[in-house]
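Engineer: Residue numbers (my numbering): 28 to 366.
Yeah, the Cβ is synthetic: ideal placement off N, Cα and C, and Gly gets one too.
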Ligand code: NAD
Ligand code: WQD
């Protein structure tokens, strides 16, 4: 199967990996991104790795007129929608910005799609919509809730998309709830390039290992988990991207709304991640235990069997690949794409 896929936020971490895999699968890819949290260098490297070109538009998805021009210039089969803001802590400080960029941005995109009769969308949702789950592993029918503005934007967008599908049966919508994406492409050419102090565990650990930060703060060791530290379902970004390719390939047959967890089904604690990273990189990762981070939950991992059934997808990479690939990217690009 081939055709044109519009990727919003395609210069970002998950977007650049997915763009690469879509190109490799034979799709033509059009990326729109305002580059607020990314650099065009990621797409240049994607082009080199794939030997194919990406059509790029620097625009903000809130600019509906510009999006309409993109749709008028290309017959787009489906949209993979990554663009948005994603920092949980920041979302509590500037909630209006999050609601505007994520929710208004999505409305703008959906209106442009509707106008051009393009009704197939794969949306980046998050395990954050499960709030503090009553038990693990988490299945897609668990109740959803949010504890911060970022999580609420994901939850509201999911609801908006469900309303849209009810109003018009021609929409095919896939909500992908990611657990914790980490790692990088095997080439070491593309990876996660956080601006400033990383919020997430893996980029922080990588920056400690490469000598950019002194030590990791482990947020609490008194959770009811294997060793007291938080447990998460880490998933390799290439596995995650592969699920998007399969979603695009199958979307014509998936009418209405399909909601899928993307995880491995395995949980690892913070200290298990530190240990695996040290082993994979041969570097020490000094750490100290500090207070719990407000809003954190003890443990969270997926039941990902529905994605296997619906998409024929399952994660292939284990934790060793995830940390080794994260380290290769970090070591070769200590300053991210600025190098
Ligand atoms: P990222 O910040 O690397 O990528 C987002 C991209 O969107 C960036 O290139 C940014 O410049 C662009 N962008 C932001 N606002 C825009 C706007 N208004 N118009 C146009 N472009 C805009 O983040 P990521 O980690 O690749 O995440 C991609 C998506 O997946 C996001 O929607 C995020 O909420 C979701 N998600 C991420 C994670 C994670 O841990 N990384 C987990 C669950 C869900
Ligand atoms: C993982 C574990 C921390 C940093 C977040 C969002 C979620 C989703 C993925 C977008 C936790 C611990 C972390 C550090 C630490 N994003 N930790 N020291 O919180 O599971 O999920 O990213 O949708 O919505 O909430 O990921 O990587 O921040 O934390 O000890 O410096 O590592 O307490 O147990 P989290 P994370």
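#1: Is the beta carbon of residue 34 closer than 8 Å to that of residue 98?
#2: Note down, in chain order, each residue of its chain lying with its Cβ closer than 6 Å to the Cβ of residue 191, except the 5 sequence neighbours on either side.
#3: Following a CB-centred definition, is residue 323 positioned closer than 7 Å to any heavy atom of ligand 2?
#4: Less than 8 Å between the C-beta atoms of residue 105 and residue 58, yes or no?
#5: Taking CB distances under 8 Å as the criterion, tell me whether residue 282 reaches chain B.
#6: Do residue 35 and ligand 1 come close, with the Cβ less than 7 Å from some heavy atom?
#7: Apart from the five residues just before and just after residue 267, which ones in its own chain have a Cβ nearer than 7 Å to its Cβ?
#8: Would you check if the distance between the CB atom of residue 292 and the CB atom of residue 329 is smaller than 8 Å?
#9: What residue range does the beta strand (DSSP E) around residue 150 cover?
#10: Skipping 5 residues on each side, what residues in its chain have a beta carbon closer than 7 Å to that of residue 182?
#11: Distance check for residue 125 and residue 387, CA to CA, integer angstroms please.
#12: Relative to the C-alpha of residue 175, which residue among 169, 348 and 119 is closest?
#13: Helix or strand or just coil, what does DSSP make of residue 43?
#14: Going by the C-beta, is residue 197 closer than 7 Å to any heavy atom of ligand 2?
#15: Taking DSSP as the reference, what is the three-state secondary structure of residue 61?
#16: Going along the chain, which unbroken runs of the alpha helix (DSSP H) with 4 or more residues stay wholly within the region 108 to 193?
#17: What would DSSP say about residue 305, mapped onto helix, strand or coil?
#18: If you drop the 5 nearest sequence neighbours on each side, which residues of the same chain put their C-beta closer than 6 Å to that of residue 217?
#19: Report the three-state DSSP secondary structure of residue 101 (helix, strand or coil).
#20: Would you mind reading off the limits of the alpha helix (DSSP H) that contains residue 351?
#21: Is any heavy atom of ligand 1 found at a distance shorter than 7 Å from the C-beta of residue 255?
#22: Considering just the uninterrupted stretch of the beta strand (DSSP E) at residue 83, what are its terminal residues?
#23: Residue 315 lies in the beta strand (DSSP E); which residues open and close that run?
#24: Between which two residues does the alpha helix (DSSP H) holding residue 275 run?
#25: Measuring from the CB of residue 172, is there a heavy atom of ligand 2 at a distance below 7 Å?
#26: What would DSSP say about residue 293, mapped onto helix, strand or coil?
#27: Residues bridged to residue 285 by DSSP?
#28: Hey, how far is the Cα of residue 178 from the Cα of residue 153?
#29: If I'm right that residue 238 touches residue 352 with Cβ under 8 Å, what's the distance once you round it to whole angstroms?
#30: Take residue 79 and list the residues in its own chain whose beta-carbon comes closer than 7 Å to its own, dropping the five residues that flank it on each side.
#31: Might you give, ordered along the chain, the residues of its own chain that have their beta carbon closer than 6 Å to the beta carbon of residue 87, omitting 5 neighbours on each side?
#32: Helix or strand or just coil, what does DSSP make of residue 241?
#33: Got a sec? Which residues, its chain only, sit under 6 Å from residue 283 by beta carbon, not counting five neighbours each side?
#34: Give the straight-line distance between the Cα atoms of residue 298 and residue 196, rounded to the nearest whole angstrom.
#35: Around the Cβ of residue 161, are there at least 16 other Cβ atoms within 10 angstroms (buried) or fewer (exposed)?
Structural biologist: Answer, in terms of the structure:
#1: no
#2: Cβ within range, chain order: 198.
#3: yes
#4: Between residue 105 and residue 58, the CB-CB gap reaches or exceeds 8 Å.
#5: Included in the structure is just one protein chain, with no chain B present.
#6: yes
#7: 41, 205, 208 and 289
#8: yes
#9: 147 to 153
#10: 156, 171 and 173
#11: The structure shown has nothing for residue 387, since the chain only spans 28 to 366.
#12: Taking each of 169, 348 and 119 in turn and checking the Cα distance to residue 175, the smallest one comes out for 119.
#13: DSSP places residue 43 in helix when its eight states are reduced to three.
#14: no
#15: coil
#16: 115 to 120, 122 to 125 and 132 to 142
#17: helix
#18: 43, 69 and 72
#19: coil
#20: 346 to 359
#21: Residue side-chain check: residue 255 keeps its Cβ at 7 Å or more from all non-hydrogen atoms of ligand 1.
#22: 82 to 85
#23: 314 to 317
#24: 264 to 277
#25: Not one heavy atom of ligand 2 is found less than 7 Å from the C-beta of residue 172.
#26: Looking at residue 293 - three-state DSSP - the assignment turns out to be coil, as it is neither helix nor strand.
#27: 201
#28: 8 Å
#29: With 8 Å as the limit, residue 238 and residue 352 do not qualify as a contact, their Cβ atoms being about 19 Å apart.
#30: 50
#31: 61
#32: coil
#33: Short of 6 Å from the beta carbon of residue 283, and not among the five residues preceding or following it, lie these beta carbons of its own chain, in chain order: 192.
#34: 47 Å
#35: Residue 161 should be labelled exposed.
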